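> Heads up: the sequence shown at position 3 corresponds to 3 in this note's numbering, and the numbers run straight through without jumps.
Sending over a structure as structure tokens; questions will come in a sec.
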Amino acid sequence: MFSLVAPLLSALLPLAAPAPAAGDDPRWVFYSRDPAAYASPWWEGGHRTMIGYGCTRAPYYSPDPRCDRGHGFHHGVDYAMPCGTTLYAGRRGVVVPHDSLGPAYGTDPVLIRNRRLGVDFLLGHTAGVRVQPGDRVRRGDPIADASDSGAPDGCHLHFEVRAAGGGLSTARRPIRFLDLEPAS
Numbered sequence: 001m002f003s004l005v006a007p008l009l010s011a012l013l014p015l016a017a018p019a020p021a022a023g024d025d026p027r028w029v030f031y032s033r034d035p036a037a038y039a040s041p042w043w044e045g046g047h048r049t050m051i052g053y054g055c056t057r058a059p060y061y062s063p064d065p066r067c068d069r070g071h072g073f074h075h076g077v078d079y080a081m082p083c084g085t086t087l088y089a090g091r092r093g094v095v096v097p098h099d100s101l102g103p104a105y106g107t108d109p110v111l112i113r114n115r116r117l118g119v120d121f122l123l124g125h126t127a128g129v130r131v132q133p134g135d136r137v138r139r140g141d142p143i144a145d146a147s148d149s150g151a152p153d154g155c156h157l158h159f160e161v162r163a164a165g166g167g168l169s170t171a172r173r174p175i176r177f178l179d180l181e182p183a184s
């Protein structure tokens with residue numbers, strides 16, 4: 001019997017999904033069709049998009065009237081990265097209090113206001129935060145580490161851009177602020 005099953009199994013095994021790479025979080029689910037990894041001044045290394053900005057089939061968001069098929073709206077973009085990945089200020093600004101954000105961004109998100117651009121950069125699901133409200137940051141300053149704080153889908157960075165001092169309804173497409181490059 002085994003001699004009949006072994007060839008069948010060996011023929012099917014190449015169809016199985018590849019094993020996760022070292023450092024991959026088994027909770028990661030990619031709702032983006034983009035398989036590329038990206039480098040950015042906001043983080044160390046190259047990382048894949050888990051959930052893009054806008055309408056998404058990811059189950060974490062309530063249906064939104066802007067979206068078809070009962071999909072929800074994601075106000076930022078999520079990049080899968082191992083816990084402990086260093087996060088940097090990708091633009092200059094002043095760290096502002098995050099008290100009004102709520103638990104969806106984790107226990108210690110970072111909010112950086114750039115008055116020249118008129119925006120707040122929100123980095124969610126962070127730990128090991130190295131800055132506090134009132135600190136001035138410049139591009140390249142280490143500010144925190146990626147974590148899974150408040151994240152049901154594993155360690156990642158949630159990056160969101162809002163009008164300076166604005167709420168969730170002022171969130172805008174964040175990609176142009178990330179300065180993405182293909183990771184090598």
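Backbone N, C-alpha and C define an ideal beta-carbon position, used for all residues, glycine too.
Remember, it's a predicted structure, so these values are computed and weren't measured experimentally.
Tell me where the beta strand (DSSP E) around Cys55 begins and ends.
Here residue 55 refers to the residue found at position 55 of the sequence shown. Its beta strand (DSSP E) spans residues Gly54 to Thr56.
> Does the distance from the CB of Gly76 to the CB of Pro174 come in under 9 Å?
Within the sequence shown, numbered from 1, the residue matching residue 76 stands at position 76. Within the sequence shown, numbered from 1, the residue matching residue 174 stands at position 174. Yes; because the gap between Cβ atoms is below 9 Å, this pair is in contact.
> So, under 8 Å CB-CB, Ile51 and His74 are touching, yes? Tell me the CB distance rounded to an integer number of Å.
Here residue 51 refers to the residue found at position 51 of the sequence shown. Here residue 74 refers to the residue found at position 74 of the sequence shown. Right, their Cβ atoms sit about 5 Å apart.
> For Asp78, which residues does DSSP report across the bridge?
Taking the first residue of the sequence shown as position 1, residue 78 is located at position 78. Its beta-bridge partners are Ile51 and His158.
> Going by beta carbon distance, what residues of the same chain come within less than 7 Å of Arg92, once the five residues before and after it are set aside?
To locate residue 92, count along the sequence shown from 1; it is residue 92. These residues qualify, in order along the chain: Asn114, Val137, Arg138 and Arg139.
> Based on the DSSP output, what are the partners of Ala205 in its beta bridges?
The structure shown does not extend to residue 205, since the chain is modelled only from 1 to 184, so the question has no answer here.
> What do you reckon, are the CB atoms on Thr87 and Val110 nearer than 9 Å?
By 1-based counting over the sequence shown, the position of residue 87 is 87. By 1-based counting over the sequence shown, the position of residue 110 is 110. In the sequence under discussion, the amino acid at residue 87 is Leu, which differs from the Thr named in the question. Their beta carbons are under 9 Å apart, which means Leu87 touches Val110 by this criterion.
> Looking only at C-alpha atoms, which of Gly124, Ser100, Pro65 and Glu44 sits nearest to Gly167?
Within the sequence shown, numbered from 1, the residue matching residue 167 stands at position 167. Here the closest residue by C-alpha is Ser100.
> Helix, strand or coil for Pro182 per DSSP?
Working through the sequence shown from its first residue, we reach residue 182 at position 182. Residue state, collapsed to three classes: strand.
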